[in-house]
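Mind the numbering: the sequence shown is residues 1 to 176 in UniProt numbering, read in order. Read through the structure below, which is laid out as structure tokens, and then see the notes.
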Amino acid sequence: MSAGLRPKNAIEGEVDMSSFRNAVVSLPGKERVAKTPFGARIVIHATAAETGGAFGMWETFTPPGHGPAPHTHTREIEVFRVIRGLYRFQCGDEAFDAPVGTVVVLPPYVPHSWRNIGDEPGQMFGTVTPGGCEQMFIDIEAFGADTPEKIAVIEARLGIINDITLALGLTGPQSR
């Protein structure tokens with residue numbers, strides 16, 4: 001890829017694959033555990049800092065009836081794979097149920113949300129490329145962001161737009 005066409009990392013800037021020289025290993029029982037903005041448990045498997053900015057990877061464990069509020073990523077492609085449970089996705093104007101095995105790939109600037117509509121806890125595998133927005137989960141935990149306003153500051157820093165970031169004037173409208 002030419003220097004002018006290198007993808008941007010949501011935190012550090014350009015993706016630098018030359019700094020991705022070591023395997024990233026997430027062993028069972030030794031993962032980094034954090035929480036989502038809606039309080040679900042999340043396990044971080046790889047971060048932009050570890051992958052030269054190429055991607056971030058996690059698993060979300062979602063109680064029945066839970067999921068994020070509608071939001072938009074401005075910096076990355078987001079990929080979900082349903083591992084357990086039944087989810088309902090809203091991606092732009094399209095709504096659909098997502099049973100086990102469903103893969104959803106979202107480009108930047110597509111407003112979306114999802115919810116576990118099953119009776120049992122759900123599990124999804126998530127990846128973003130370039131990496132960076134996974135830092136949100138780490139920062140929510142590290143900084144004790146326990147109010148929607150504190151979480152919105154973290155989200156806005158990472159290019160995530162939602163009703164709260166807009167209402168607080170932390171982000172602009174959802175446009176390219």
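Just so you know, even glycine gets a beta-carbon here, dropped at the ideal spot from N, CA and C. Model, not experiment: these values are computed from the prediction.
Please name the residue in the options whose C-alpha comes closest to that of residue i.
i, options, result
"A46", "C91, K150 and F20", "F20"
"S18", "T51, E78, F61 and L106", "T51"
"I151", "G39, T127 and L27", "G39"
"G131", "I42, W58 and E31", "W58"
"G65", "G122, V43 and I44", "G122"
"L106", "I154, D93 and E31", "D93"
"T102", "P111, Y109, H112 and R88", "R88"
Go ahead and pull the three-state DSSP assignment for residue i.
i, result
"R75", "coil"
"K30", "coil"
"V103", "strand"
"A46", "strand"
"T147", "coil"
"F38", "coil"
"T62", "strand"
"P7", "The pLDDT assigned to P7 is 47, lower than 50, so where the model puts this residue is not dependable; a value taken from the coordinates is nonetheless given after this. DSSP places P7 in coil when its eight states are reduced to three."
Who are residue i's beta bridge partners in DSSP?
i, result
"R88", "D97 and R115"
"T127", "M57 and V79"
"N162", "H71"
Count the other CB atoms within 10 Å of the CB of residue i; is the residue buried (16 or more) or exposed (fewer)?
i, result
"F143", "exposed"
"G126", "buried"
"A95", "exposed"
Can residue i be considered in contact with the ligand SAH, in the sense that its beta carbon sits closer than 7 Å to one or more heavy atoms?
i, result
"G65", "For the structure depicted, the ligand SAH is absent and the ligand set is empty, with no information on it obtainable."
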